[in-house]
Amino acid sequence: MDIRHLRYFVTVAEHGSITHAAEALGIEQPPLSQQIRQLERNLGVTLFERQTRGMKLTEIGEVLLPRARTILDLQAQFLSTAEGLARGERGHIRVGLAGAVPLLPVIPLTIRRFREMAPDVTLSLEESNTPALCAALHEPSVDIAIIRPPFTDPSRLSVFHLLDEPTVIALPRGHRLAKEPVISLDMVADDPLIIFPRELGPGFHDAILSAYQLAGVTPTMGQQAPQIAGTVPLVAAGLGVSVVPRSLSQIHAGGVTFHAISEPAPRATLAVAIRTGQNMPLVTRFVTVLRTACRKWEQRQHDTAPFTDSENL
Numbered sequence: 001m002d003i004r005h006l007r008y009f010v011t012v013a014e015h016g017s018i019t020h021a022a023e024a025l026g027i028e029q030p031p032l033s034q035q036i037r038q039l040e041r042n043l044g045v046t047l048f049e050r051q052t053r054g055m056k057l058t059e060i061g062e063v064l065l066p067r068a069r070t071i072l073d074l075q076a077q078f079l080s081t082a083e084g085l086a087r088g089e090r091g092h093i094r095v096g097l098a099g100a101v102p103l104l105p106v107i108p109l110t111i112r113r114f115r116e117m118a119p120d121v122t123l124s125l126e127e128s129n130t131p132a133l134c135a136a137l138h139e140p141s142v143d144i145a146i147i148r149p150p151f152t153d154p155s156r157l158s159v160f161h162l163l164d165e166p167t168v169i170a171l172p173r174g175h176r177l178a179k180e181p182v183i184s185l186d187m188v189a190d191d192p193l194i195i196f197p198r199e200l201g202p203g204f205h206d207a208i209l210s211a212y213q214l215a216g217v218t219p220t221m222g223q224q225a226p227q228i229a230g231t232v233p234l235v236a237a238g239l240g241v242s243v244v245p246r247s248l249s250q251i252h253a254g255g256v257t258f259h260a261i262s263e264p265a266p267r268a269t270l271a272v273a274i275r276t277g278q279n280m281p282l283v284t285r286f287v288t289v290l291r292t293a294c295r296k297w298e299q300r301q302h303d304t305a306p307f308t309d310s311e312n313l
């Protein structure tokens with residue numbers, strides 16, 4: 001049985017007339033009558049009583065009509081979903097975020113903007129560290145990961161640069177340099193450096209230590225933080241200083257001041273990773289929107305106006 005037979009059946013039932021149904025369907029009356037008879041033969045039942053002034057459903061036809069409508073509705077939903085998936089407008093994507101990434105304004109703004117652009121898409125977020133997110137891509141338990149490169153196993157992953165975020169130095173309140181707007185790393189060489197374990201973000205970890213080296217000093221290593229954002233509370237506790245992405249200055253931890261770093265200053269690089277060969281239009285669309293937004297953010301990061309207007313993404 002062809003699905004069009006059900007459409008013919010429903011249309012004739014709704015119009016009560018072969019003539020009017022044929023007009024609605026845009027076909028001739030004789031072929032429509034033949035299709036209805038063929039459907040009845042295939043089913044082995046009589047669907048209509050042929051009357052002088054039209055077509056009347058039999059009791060069997062009355063029973064089958066709502067079921068035919070259900071099948072046609074399901075077909076329409078199936079086609080609509082398939083078309084939406086092809087355009088990247090429907091589906092479910094799982095996005096992984098490396099440590100402190102949600103604090104960078106462009107990331108939550110992009111996610112919000114994407115949800116507005118594609119309201120039928122279900123989007124779930126997971127925050128972890130870069131190595132764990134790369135493993136999650138391989139499993140796969142996430143579809144997209146915003147990470148801090150580099151990472152140890154780039155095989156089967158496609159990675160695209162997003163941005164290089166400026167860093168600041170976090171000092172405990174009352175520090176001798178707390179009133180200085182710009183600080184060089186050699187000025188805090190004797191202060192314990194609070195840093196996260198290298199395995200959580202080797203690229204950013206190494207960038208911090210390299211910046212100290214370029215400044216001609218070796219940092220005094222202090223306590224390790226469990227994650228990037230976890231460095232700020234330890235600074236507030238007076239355990240040392242820390243170099244963090246500028247977005248972490250949004251953390252209103254009492255007892256911490258944030259200061260620009262004079263060159264050489266490390267950068268906190270972000271990239272987006274997906275599985276190589278990933279052909280989901282929804283993933284491709286999200287990555288395109290994200291990369292465009294980050295490119296605009298980098299162009300504006302030296303402006304005085306804060307990056308908070310989602311219309312500018």
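Sequential numbering from 1 applies to the sequence shown in full-length UniProt numbering.
Every residue, glycine too, gets a C-beta built ideally from N, C-alpha and C.
Any chain B beta carbon closer than 8 Å to residue i
{"i": "R7", "result": "Looking at the structure shown, chain B is missing, and only one protein chain is on hand."}
Buried/exposed call for residue i, threshold 16 Cβ in 10 Å
{"i": "F78", "result": "exposed"}
{"i": "A305", "result": "Unreliable positioning characterises A305 in this predicted model, as indicated by a pLDDT of 40, which lies under 50. A coordinate reading is not provided."}
{"i": "T308", "result": "Interpretation of T308 is limited by its pLDDT of 40, a score under 50 that renders its predicted location unreliable; the figure taken from the coordinates is listed afterwards. By the neighbour-count rule (16 or more Cβ atoms within 10 Å), T308 is not buried but exposed."}
{"i": "T292", "result": "exposed"}
{"i": "D191", "result": "buried"}
{"i": "A22", "result": "buried"}
{"i": "residue 314", "result": "Outside the shown range of the chain (1 to 313) lies residue 314, about which nothing can therefore be said."}
{"i": "L200", "result": "buried"}
{"i": "G254", "result": "exposed"}
{"i": "S247", "result": "buried"}
{"i": "V182", "result": "exposed"}
{"i": "I107", "result": "buried"}
{"i": "A178", "result": "exposed"}
{"i": "R285", "result": "buried"}
{"i": "V63", "result": "exposed"}
{"i": "D73", "result": "exposed"}
{"i": "I3", "result": "exposed"}
{"i": "T231", "result": "buried"}
{"i": "A24", "result": "exposed"}
{"i": "Q35", "result": "buried"}
{"i": "D143", "result": "buried"}
{"i": "E165", "result": "buried"}
{"i": "A225", "result": "buried"}
{"i": "P172", "result": "buried"}
{"i": "A82", "result": "exposed"}
Three-state class that DSSP yields for residue i in the structure shown
{"i": "F286", "result": "helix"}
{"i": "M55", "result": "strand"}
{"i": "H5", "result": "helix"}
{"i": "F151", "result": "coil"}
{"i": "L74", "result": "helix"}
{"i": "residue 321", "result": "Because the chain is modelled from 1 through 313, residue 321 falls outside the range shown and cannot be assessed."}
{"i": "R113", "result": "helix"}
{"i": "P31", "result": "helix"}
{"i": "E298", "result": "helix"}
{"i": "T46", "result": "coil"}
{"i": "I160", "result": "Looking at the sequence provided, one finds Phe at residue 160 rather than Ile. In the structure shown, F160 sits in a strand (DSSP, three-state: E or B)."}
{"i": "I93", "result": "strand"}
{"i": "P197", "result": "coil"}
{"i": "S124", "result": "strand"}
{"i": "I144", "result": "strand"}
{"i": "A170", "result": "strand"}
{"i": "E62", "result": "helix"}
{"i": "residue 386", "result": "Limits of the chain in this structure are 1 at one end and 313 at the other, which puts residue 386 out of reach."}
{"i": "P192", "result": "strand"}
Supposed close pair residue i, residue j - CB separation, criterion 8 Å
{"i": "I194", "j": "G240", "result": "4 Å"}
{"i": "A98", "j": "R148", "result": "5 Å"}
{"i": "I111", "j": "L103", "result": "Rounded, the Cβ-Cβ distance is 13 Å, inconsistent with contact."}
{"i": "I261", "j": "I169", "result": "5 Å"}
{"i": "F204", "j": "A268", "result": "5 Å"}
{"i": "I93", "j": "V283", "result": "6 Å"}
{"i": "L137", "j": "A273", "result": "6 Å"}
{"i": "A100", "j": "P245", "result": "6 Å"}
{"i": "G236", "j": "T167", "result": "Here residue 236 is Ala; the residue named in the question, Gly, does not match the sequence. No, A236 and T167 are not in contact; Cβ-Cβ is about 18 Å, not under 8 Å."}
{"i": "G54", "j": "S17", "result": "4 Å"}
{"i": "P281", "j": "A86", "result": "6 Å"}
From the options, residue whose alpha carbon lies closest to that of residue i
{"i": "T220", "options": "P105, L209, A229, N129", "result": "L209"}
{"i": "R115", "options": "C134, V95, P131", "result": "V95"}
{"i": "E180", "options": "E62, M280, T257, A24", "result": "T257"}
{"i": "R37", "options": "I274, P66, T52, G61", "result": "G61"}
{"i": "P202", "options": "S158, C134, T130, G174", "result": "T130"}
{"i": "H5", "options": "T19, S17, P31, G16", "result": "P31"}
{"i": "L290", "options": "H92, A24, R41, A145", "result": "A145"}
{"i": "K56", "options": "K296, A271, F9", "result": "F9"}
{"i": "E127", "options": "A118, S141, D120", "result": "S141"}
{"i": "R156", "options": "P150, R275, I27", "result": "R275"}
{"i": "L163", "options": "I18, E298, H259", "result": "E298"}
{"i": "E40", "options": "I27, I18, T11, M1", "result": "M1"}
{"i": "T46", "options": "T58, L25, A13", "result": "T58"}
{"i": "S184", "options": "R173, L214, R53", "result": "L214"}
{"i": "G216", "options": "Q51, A132, M187", "result": "M187"}
{"i": "T218", "options": "A189, L43, R295", "result": "A189"}
{"i": "Q250", "options": "T288, P105, P150", "result": "P105"}
{"i": "E28", "options": "V12, A207, G277", "result": "V12"}
### Task
Can you check the region 238–283 for any beta strand (DSSP E) of at least 3 residues that lies completely inside it and give the ranges in chain order?
Counting whole runs of 3 or more residues, the region 238–283 contains the beta strand (DSSP E) stretches 242–245, 256–261, 267–275.
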